[in-house]
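Chains as they are written, first to last, in this note's numbering: chain A, 1114 to 1289; chain B, 1114 to 1289.
No residue lacks a Cβ here, since even glycine has one placed at the ideal position from N, Cα and C.
Just so we're clear, the structure is a prediction, and the values are computed from it rather than from any experiment.
Everything on this sheet refers to the single structure shown next.
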DNA sequence: GTCTATAGGCAGATAGAC
DNA sequence: GTCTATCTGCCTATAGAC
């Protein structure tokens, strides 16, 4: 799904890769929509665990944002896309249950980022105009877009240029 | 393609909408890849014409960037995605000719933006660190990402929050 | 829980009449 | 240039043996 999208792979593809038959897959995931939703939930869980791990480290808000961006960067290995970014593109063709799971992923990310942003502003390590929620959304958009546009170029530099510039713009400008 | 992606529509869908048969479509576009490539080229041409129109207006670099962002915003009508943003997501499954056309679209945009950015810096209306090319890439990434993430929310505010913040960050800070 | 076999439908594509 | 008719292949999904 991260490589080819929900509409770009089949039960047959998965069956070959796992050395089982399509029928066996149907035993575990009754329909393709169930498989899709399960994969989103697993992705969301893993992401949430990674965020909790970041919260557990010592380091201020800027370091947390750096670590957050690095999570996205991992998708570049294997020319993958963020799973939910991919599904945002295919959103109009997704079954309802998958749509809900995608939105929940973004909501969770937005909430975590907004907390970090408020913490950073309070401690003076970050500065930004407007609401933490809007900035959180901008961060998600920028990172997703950077991954997206990197794909045709097979070029990590595309991603890193955008992510570095974004994080830099949120750090408190020293001389102001 | 902008709504459902290249893998999300069929000849049958198009035939119904145009009140013709699939066979008639095959007369004009031998294969789906030909149809896809033609649509990218048409999109690219229209975009290039819109950029030339922006160049023809009076108004400095900041106004041009605003107009550029507004082009992306138009896709939000009808919950569409930028065609090439959509195809960037599906890139791994695209025929080679379509891949090339997608990259050409992004290259053209990058070149146009880099020109505007250099012009803005020369005239003092814009300020940014790093190369114009890197900033151009960041602009494209951010706008594509803002469109992408807006989709699950059906919410233009998502897009506009990110695009406004981006353009603001490039305007020369008055007090520096 | 995995398999073989197959259903039923839709995909992209072509032949050939008009 | 558009049509009807059809092909071949893949899709998701199911039945039922082991």
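Practice task
Have a look at 1147/B, 1120/B and 1257/B and flag the residue whose alpha-carbon is nearest the alpha-carbon of residue 1276/B.
Solution key: 1257/B
Handout entry: Members of the segment 1204-1228 of chain B that neighbour chain A once the beta carbon cut-off is set at 8 Å
Key = 1204, 1205, 1206, 1212, 1215, 1216 and 1219
Problem - Closest residue to residue 1115/B among 1281/B, 1254/B, 1193/B and 1179/B (Cα-Cα distance) - result: 1193/B
Exercise for the section: Please state whether DSSP places residue 1284/A in a helix, a strand or coil. Expected result: strand
Exercise for the section: Tell me, please, whether the CB atom of residue 1254/B is closer than 9 Å to any CB atom in chain A? Expected result: yes
Problem - Strand pairing of residue 1239/A, partner residues [DSSP] - result: 1284/A
Problem - Whole-angstrom distance between residue 1145/A and residue 1203/A, CA atom to CA atom - result: 15 Å
Practice task
Measure from the C-beta of residue 1271/A to each C-beta in chain B and report whether the shortest distance is under 9 Å.
Solution key: yes
Problem - Proximal chain A residues relative to residue 1201/B, where beta-carbon distance stays under 7 Å - result: 1261, 1262, 1264 and 1265
Handout entry: Buried or exposed by the 16-neighbour rule on C-beta atoms within 10 Å, applied to residue 1229/A
Key = buried
Handout entry: DSSP state of residue 1184/B mapped onto helix, strand, coil
Key = helix
Exercise for the section: Using a Cβ cut-off of 9 Å (strictly closer), state whether residue 1258/B contacts chain A. Expected result: yes
Problem - Members of the segment 1118-1137 of chain A that neighbour chain B once the beta carbon cut-off is set at 7 Å - result: 1118, 1120 and 1121
Exercise for the section: Consider the Cβ of residue 1184/A: report whether some Cβ of chain B lies at a distance smaller than 9 Å. Expected result: no
Problem - Chain-ordered neighbours of residue 1192/B on chain A, where CB pairs are closer than 8 Å - result: 1205
Handout entry: Beta carbon proximity, residue 1240/A to chain B, threshold 9 Å
Key = no
Exercise for the section: Starting from residue 1278/B, find everything on chain A with Cβ-Cβ shorter than 7 Å and list it in chain order. Expected result: 1251
Problem - Touch test, the segment 1264-1271 of chain B against the segment 1204-1219 of chain B, Cβ-Cβ under 8 Å, three pairs minimum - result: no
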